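Residues in the sequence shown are numbered consecutively from 7, following the numbering used here.
Each residue gets a CB set at the ideal place from its N, CA and C atoms; glycine is no exception.
Only a predicted model underlies this, so the values are computations on that prediction, with no experimental measurement involved.
Shown next, in structure tokens, is the structure this report addresses.
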Amino acid sequence: MAEHKNLESVIHLLRAHKCANEKIDAGTPIDLLEIESIRMADFVLSLEEEFSILVTDERFKRWTKVGDIADYIETYLEKYGTGELGEM
Numbered sequence: 007m008a009e010h011k012n013l014e015s016v017i018h019l020l021r022a023h024k025c026a027n028e029k030i031d032a033g034t035p036i037d038l039l040e041i042e043s044i045r046m047a048d049f050v051l052s053l054e055e056e057f058s059i060l061v062t063d064e065r066f067k068r069w070t071k072v073g074d075i076a077d078y079i080e081t082y083l084e085k086y087g088t089g090e091l092g093e094m
């Protein structure tokens, strides 16, 4: 997906979880975010709460760039809508 509708929200949540990387965009690799693993786990929980989605460990491990997170949120919401938790 090229639009990344939820990208700004994802970036805001990353920064709220003490991401040390100043420049974050859709192409930023996850492993360059310089975010501690415990904070990354909190970030994923925040995503689940903010967007009413489910993020499995397997799904999380497939994300390589920040844009992948925004794409997942959009795809999830298109498939399940809000308020329903389904596994993708």
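(message) Using the Cβ count rule (16 or more neighbours within 10 Å means buried), how would you classify Leu-53?
(response) Per the 10 Å Cβ criterion, buried.
(request) Give the DSSP bridge partners of Lys-71, in chain order. (result) According to DSSP, which records beta bridges pairwise, Lys-71 is partnered with Pro-35.
(message) Quick check on DSSP: helix, strand or coil for Lys-11?
(response) Secondary structure at Lys-11: coil, using DSSP grouped into helix, strand and coil.
(message) I'd like the list of long-range same chain contacts for Phe-57, defined as Cβ closer than 6 Å, with 5 residues on each side in sequence excluded.
(response) Ile-79.
(request) Alpha carbon to alpha carbon, how far is Thr-70 from Leu-4? Give it in angstroms, no decimals. (result) Outside the modelled stretch of the chain, which goes from 7 to 94, sits residue 4, for which no answer is possible.
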